[in-house]
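**Q** Every number in my numbering is 517 more than the matching position in the sequence shown, counting from 1. Glycine included, every Cβ here is placed at the ideal spot set by N, Cα and C.
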Amino acid sequence: MMGGELCMSLKLPCIAGVVVALTICLFAWSPASADTVPVSRGAGSYASGVPQGYPVPSDFNNNPVLPKVTSSFNQPSVTNKFWSSFIYKFHNHGSHSLNVYPHPLVVKGQAQGLDVHYPTHATSQIFNSAPGNFIEAFWYTDQVDFTLGLEGLNAADAKVDAYSDWTVTADWNDGARDLKVTLGHGFPYIYAKGAGANARIAFNGTPTLWSDQGNVRGVSINGHHYGLFAPSGSNWSGLGVMNAPLSSAKNYFAIAVLPSPSLEMLALFKKHAYVFPSNTVVTWDYDKQLARVNTHFHIDSQVLEGSETKPLITLYPHQWRNSDVQLVSNVFYDSPRGVLKSAEVSDFTTSIKTNGILPSLPTAAGVDRNRLKAYIDDYYHNPNLFSTGDVYFSGKAMGRVRDLILLSHEIGYVEARDYFLEKLKVEMENWFTYSGSGDNKFIAYDQPWRTAIAYPDSFFSAGMMNDHHFDYGYYVMAAATIAQFDPAWASDLAWGPMVELLIKDSANWERNDTQFPFLRTFDCYEGHSWASGHSGFDSGANEESSSEAINYAAGIALWGAAKGDDAIRNLGLMLYANEVTAVEEYWFDMHHENFPSDFSEDVVGMIWSNGGSFSTWWTASTEEIHGINMLPITGASLYLGRDPNFVRTNYQSMVDTNGGPEAFWYDIIWSYQALADPNVAMQKFDANPSYPQEEGDTRARTYQWIRGLQDFGNFDFSVTSDSPTAVTFNKSGVKTHVAFNPGNSALAVNFSDGAVLNVPARSMITDQSGADQPPAPPPVEPTPTPDPTPAPDPTPTPDPTPTPDPMPTPEPTPEPQPTPEPAPSPDAPANIDAYSRIEAEWASNVTGANVSYLNDASLGKAVAQLKNGSVLRFDNVDFGNNNPFQIYLRMGSNTSGSALVEFRLDSPTGPLVTDLGVTGTGGWTTWKTVPMNVMGSAQGKHAVFMVVKTSYTDDILNLDWIQFGRMGDPQPSNVPLPAGATPEPEPVPDPTPAPDPTPVPDPLPTPDPVPEPPPQSSINLDAYSRIEAEMAASIAGANISSIGGASQDKAVTQLKNGSVLRFDNVDFGNNSPFQIYIRMASATGGSALVEFRLDSVNGPLVTNLGVAGTGGWTAWRTVPMNILGNAQGEHSVFMTVSTNYTEDILNLDWIQFGKIGDPIP
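(1) Closer than 7 Å by C-beta to E1356: which residues in its own chain qualify, once you throw out the five before and the five after it? Chain order, please.
(2) Does DSSP put F1670 in a helix, in a strand, or in coil?
(3) Taking only runs of the beta strand (DSSP E) that begin and end inside the region 1553-1640, which ones reach a length of at least 3 residues, in chain order?
(4) Report the residue from V1465, G1129, Q1565 whose alpha carbon sits nearest the alpha carbon of K1476.
(5) Which runs of the alpha helix (DSSP H) at least 4 residues long sit entirely within the region 1133-1182? Give them in chain order.
(6) In the DSSP assignment, find the unbroken beta strand (DSSP E) run with S818 in it and report its ends.
(7) For E1096, tell me which candidate among D935, E1065, A891, T1245 has the shortest Cα-Cα distance.
(8) Any idea what DSSP makes of W1478, helix, strand or coil?
(9) Please report the straight-line C-alpha distance between N1582 and H1051, rounded to a whole angstrom.
(10) Measure the C-alpha to C-alpha separation of L1092 and T800 and round it to an integer number of angstroms.
(11) Compute the beta-carbon to beta-carbon distance between Y690 and A709, rounded to the nearest angstrom, for a pair I have assumed lies under 8 Å.
(12) CB-CB under 7 Å to L1665, same chain, minus the five flanking residues each way: which ones, in chain order?
(13) Might you give, ordered along the chain, the residues of its own chain that have their beta carbon closer than 6 Å to the beta carbon of Y992, omitting 5 neighbours on each side?
(14) Tell me the DSSP secondary structure of H1648 in three-state form.
(15) Thinking A716 and L667 are a contact (beta carbons under 8 Å), I'd like their distance in whole angstroms, please.
(16) Drop a sphere of 10 angstroms on the beta-carbon of Q806, count the other beta-carbons inside from all chains shown, and report buried for 16 or more, exposed for fewer.
(17) Does DSSP classify H985 as helix, strand or coil?
(18) Going by CA-CA distance only, name the one from N591, A639, Q660, S795 that's closest to W683.
(19) Using the three-state DSSP reduction, which class does V661 fall into: helix, strand or coil?
(20) What do you reckon, are the CB atoms on A1124 and N1059 nearer than 8 Å?
(21) For the alpha helix (DSSP H) that P1489 lies in, which residues bound it at each end?
(22) State the DSSP-derived secondary structure class of F1234, mapped to helix, strand or coil.
(23) By Cβ distance below 6 Å, which residues in the same chain neighbour D1214 in space, the five residues on each side in sequence not counted?
(24) In this structure, what does DSSP give as the bridge partners for D1395?
(25) Can you check which of these residues, D674, V633, E653, Y657, is closest to S477 by C-alpha distance?
(26) Compute the beta-carbon to beta-carbon distance between M1638 and I1593, rounded to the nearest angstrom, for a pair I have assumed lies under 8 Å.
(27) Using only the alpha-carbon positions, how far apart do L622 and P853 sit?
(28) Less than 8 Å separating the beta-carbons of Y680 and V595?
(29) Going by beta-carbon coordinates alone, are G1152 and P876 separated by less than 8 Å?
(30) For the candidate residues G1177, N1231, T1174, whose alpha-carbon lies nearest to that of S1188?
(31) DSSP three-state label for L844, please.
(32) Using the beta-carbon count (16 or more within 10 Å), is P648 buried or exposed?
(33) Which value, in whole angstroms, describes the spacing of the CA atoms of P1161 and N887?
(34) Excluding sequence positions up to five away, which residues of its chain have a Cβ less than 6 Å from the Cβ of K1021?
(35) Taking contact to mean at least 3 C-beta pairs separated by less than 8 Å, is the region 774-781 in contact with the region 737-747?
(36) So does the region 953-963 actually touch the region 920-940, counting three or more Cβ pairs closer than 8 Å?
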């Protein structure tokens, strides 16, 4: 809603550092068009041009504007791109372009070429601090570093010469000189070709020249570092202005922003500098068996010099988190979207799990049918179902009626369903028919901009090309619902082609259909859409209502599913998966890594190319700033509830900023709150029977949603299925599976937790475990459908990149484990306290292992012979209200192999709590307690699944017990319980005296100081050999000491909170490590988080692990941990210690990294 530019007499932040007054804008009307005639499309039609008197794409002075393109440009003109100010001149002062943000660089066209800089400084500012009207924004800005151009260039304009899926080539021509510049997302380079003059780089100040290799220079300016690359045989000259000769044969040059001013970095960027991208292509596929959407990115390149054929690119956070691409560990950049990481590739794939899209929630057993019917009757036979207004508010009315159709159908209210269905068809057919002069609702095709514009337009969807995907999403969603009940209406001989006209306007998936550009509004590389048509702001492009963009994607997916058109369905799934992932990264910052640290809000209302703002275009209302990224609430909105804790935090943030609970858009806010706390939301609904409804919502939808979630529980993200229209809910361990079948024949839907639903054609069913099944909806009798025109075969997309085997660890044949004596499994407590000892034999289900009598095991029993694929399930494990900090696992193993042990919630593939690498302990009953910090979240009561993964072919471990720990909890006792002891059901038994909750550790004897070794900076360290602690090049918060039992009789001692060790020149070679081992000792009862990072204390994380007491300051123990990040080549490795324990926490003897297959050190 209103996601583009709404010009009003309001003061709103424009993010560029000032508050500007926006004024009412009136846009140019089209001249008389005598040849505007209806163009038939199926049963409908559209206007062949924009009729006289209607607004057309215009500039700020109300003049019609045409695309700024060169004479050789031969592609469909396009808007809504991050670079659109090159092609769409909106402002007088933007003749060449306004700021364009390919990231990490920022550029701006001017007469002499391209201004370039790298913004690294984030500024946050509060514009209005009043409760309920709070506005805050952040943006990245810096001064211009230099202008890239040609000597003497003075062009009146810059025009678009060509574009591809995430690059653009702009052209400057002054009659004597011609400059073509290519830039794009993911490229830290600017690629240039010139004719008629030498290459020219004019700096904004005097740069520091730190490397001059003739045709290659390394320079620094304003704290930023660049590489300049001219053709071989050419040489850069000058300082404040640098020039390099170009020839007709070698007319190219490039600049790159460098992460650091080193010769090694310059050499890396030189290797790729002459690999110019010539085309970028995105494709996608949907893997229903793995329930994943795979988006494939391919770069075609022109190699101008050298043997390198692959470019050096950067990836956004939503890409590198969801790809197995090999990253360059020391090349990363700041950006308004978060940290960009780098790779040397021409191809990579992101793979995003999809949990399904529903047209609506099913009606739960607990929904009062009579009450729901009464809410439906508020609209039944209402003559004012539809707005007489513009395209946006007509669409919202369609969404409201769509909901009423589905709700009526759910409760068997057939006459109401059919009434609403007929009214919706009439309204859509009115929009989908152009009858000539005097038509009050119609669609027109604008040839210059290759776009379909609906009139009356809304929020400058015509005058600025804003919001087409927001507007048309409501129409496509409504059409998909009609298709469910009347397939003939949606056929290619009827109204289907008009629906697909609206899809193609903003998301054309067929490259050979040049009536529309490919994926107009969707930025395939940044992962989300842009609402602004011209992007003519110093802050670049913008997008406000992320949820309406997702509504458009969901509508496309449901329309394609209803039509049986996999190409359209998969388009919608790709848009949906990427938009949702981008929302979680860039609107909600759910990883807490992308917003600047001084930005006070948890979310933004809109994003800009250079930042984000807690605001909207039309209001400072806190509820609306939050709600604009929630509405409309449909069956596709469940992604908002993936993390109930985030829902609660975000809701509370809204209350805090608002100065109290919601006082507007109640239905939207309550529906969102119900995703975490439906009982609270239901109380509010019941207590406010006359609340004002949001424009596109109904009480019927709000009641059915909130009351349904009371029955169903939370959206269960851990369960997937082989259908794109199926989801799972979980209420205290009781699952409800829901599946919608839009097809014409029955369908069996298989869920990843083993459930199967057999769904009749064009129906939605649920198993609603533990509740009475609601009455089945009435069968839908389809109208006979004429044979449609065959749709073209979709372009096949490549198979997804196979996931590598997690642990291919060939090992020597171990000593066989004696067959343990089977033991009966004792009854577990009805409720298990996560923070007390959980005996392995309490597992309610054991797969691939046995409960056995074993020496020295607690209670004399353990689960033995765990191997690859073994799974233990512990039911009713109560984590309370606080997430655990650590897990302790008491195990024995006589192998030299290793395994990955995962702990997950509610299913073997559910949310990951943590995982840890385990190795041999020296014997099958040589028990050791292995600590590990928790990576995920766990609150409340859950089934906990322990899963063993290894390529080792024999038994890998025996398990005695597990125990979770909160921050500050004492380390669990290792003393075994006596065999035959009978535990009390609650709490978990421990016959030994309970330790003091805050034990006083044995005092660490003051170690004898030893002379520090010579500086290590000149020593190369092999990561895969033992690295003595005392070889650290720098030690903060600890000491090198002589101490008993340590290797070389020395160790680093007295490490505590804040201690940092730096090891320089650690060489990982070409392969990332699989594990790390640290040999440590501790006499405390506390625990600590130890992190290993590359190149700085805040650098890329290699791994982290939780450590606890070993029983003494010289009771040395080797603790293994699997690697979480990547490490290749040579780096400084920083080890940091974090703990709330106030005393010394550990001594460190040595560390060692291990590759897959390496022996245990």
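**A** On the basis of the coordinates in this document:
(1) If you number the sequence shown from 1, residue 1356 lands on position 839. Excluding positions up to five away in sequence, the list reads S1375, L1376, W1478.
(2) Here residue 1670 refers to the residue found at position 1153 of the sequence shown. Note: F1670 maps to strand in three-state DSSP.
(3) 1556-1559, 1567-1572, 1577-1584, 1592-1599, 1604-1611, 1618-1625, 1629-1639
(4) For the purposes of this step, residue 1476 is taken as the residue at position 959 of the sequence shown. The residue you asked about is not Lys; residue 1476 is Leu in the sequence shown. Comparing Cα-Cα distances from L1476 to each of V1465, G1129, Q1565, the minimum goes to V1465.
(5) 1139-1144, 1161-1175
(6) Within the sequence shown, the letter at position 301 stands for residue 818. Its beta strand (DSSP E) spans residues 809-820.
(7) Numbered from 1 along the sequence shown, position 579 holds the residue referred to as residue 1096. Out of D935, E1065, A891, T1245, E1065 has the C-alpha closest to the C-alpha of E1096.
(8) As a working note, residue 1478 is residue 961 in the sequence shown. In this structure, W1478 counts as strand in the three-state DSSP scheme.
(9) On the sequence shown, position 1065 is the one that residue 1582 refers to. On the sequence shown, position 534 is the one that residue 1051 refers to. When rounded, the distance between both Cα atoms is 49 Å.
(10) Along the sequence shown, one-based indexing puts residue 1092 at 575. Along the sequence shown, one-based indexing puts residue 800 at 283. Cα to Cα, the separation comes out at about 12 Å.
(11) By 1-based counting over the sequence shown, the position of residue 690 is 173. By 1-based counting over the sequence shown, the position of residue 709 is 192. Inspection of the sequence shows that residue 690 is occupied by Asn rather than by Tyr. The pair is not a contact, with the Cβ atoms about 14 Å apart (cut-off 8 Å).
(12) Position 1148 of the sequence shown, counted from the first residue, corresponds to residue 1665. So the list reads A1546, A1568, V1569, L1572, I1595, M1597, once near-sequence residues are dropped.
(13) Walking along the sequence shown from the start, residue 992 turns up at place 475. Taken in chain order, the residues that qualify are G912, L1019.
(14) To locate residue 1648, count along the sequence shown from 1; it is residue 1131. H1648 falls in the strand class under three-state DSSP.
(15) Here residue 716 refers to the residue found at position 199 of the sequence shown. Here residue 667 refers to the residue found at position 150 of the sequence shown. Contact holds; Cβ gap of about 7 Å.
(16) Here residue 806 refers to the residue found at position 289 of the sequence shown. Answer is exposed; the Cβ neighbour count stays below 16.
(17) Walking along the sequence shown from the start, residue 985 turns up at place 468. Of the three classes helix, strand and coil, the one that applies to H985 here is helix, per DSSP.
(18) If you number the sequence shown from 1, residue 683 lands on position 166. When only C-alpha atoms are compared, the closest one is S795.
(19) The residue given as residue 661 occupies position 144 in the sequence shown. If DSSP states are grouped into helix, strand and coil, V661 belongs with coil.
(20) Within the sequence shown, numbered from 1, the residue matching residue 1124 stands at position 607. Within the sequence shown, numbered from 1, the residue matching residue 1059 stands at position 542. The amino acid occupying residue 1124 in the given sequence is Ile; Ala does not appear at that position. Cβ atoms of I1124 and N1059: closer than 8 Å.
(21) Within the sequence shown, residue 1489 is the residue found at index 972, counting from 1. Unbroken run through P1489: none, as it is neither H nor E.
(22) Indexing the sequence shown from 1 puts residue 1234 at position 717. The answer is coil: DSSP assigns F1234 none of H, G, I, E or B.
(23) Residue mapping note: residue 1214 aligns to position 697 of the sequence shown, counting from 1. Excluding residues within five positions, the ones whose Cβ falls inside 6 Å are D1184.
(24) Working through the sequence shown from its first residue, we reach residue 1395 at position 878. Per DSSP, D1350, K1458.
(25) Since the displayed the chain opens at 518 and closes at 1678, residue 477 lies outside it and no answer follows.
(26) In the sequence shown, counting from the first residue as 1, residue 1638 sits at position 1121. In the sequence shown, counting from the first residue as 1, residue 1593 sits at position 1076. Confirmed, Cβ separation roughly 5 Å.
(27) As a working mapping, residue 622 is identified with position 105 in the sequence shown. As a working mapping, residue 853 is identified with position 336 in the sequence shown. C-alpha separation (whole angstroms): 11 Å.
(28) Counting from one through the sequence shown, the residue named residue 680 turns up at place 163. Counting from one through the sequence shown, the residue named residue 595 turns up at place 78. In this structure, V595 lies closer than 8 Å to Y680 by Cβ.
(29) For the purposes of this step, residue 1152 is taken as the residue at position 635 of the sequence shown. For the purposes of this step, residue 876 is taken as the residue at position 359 of the sequence shown. Yes, they are a contact pair.
(30) Position 671 of the sequence shown holds residue 1188. Residue N1231 is the option with its Cα nearest to S1188.
(31) Numbered from its first residue, the sequence shown carries residue 844 at position 327. Correct three-state label for L844: coil.
(32) What you label residue 648 is simply residue 131 of the sequence shown in a count that begins at 1. So P648 ends up on the exposed side.
(33) In the sequence shown, residue 1161 corresponds to position 644, counting from 1. In the sequence shown, residue 887 corresponds to position 370, counting from 1. Distance between the alpha carbons of P1161 and N887 is about 30 Å.
(34) For this step, residue 1021 is matched to residue 504 along the sequence shown. Only F1033 meet the Cβ criterion.
(35) yes
(36) no
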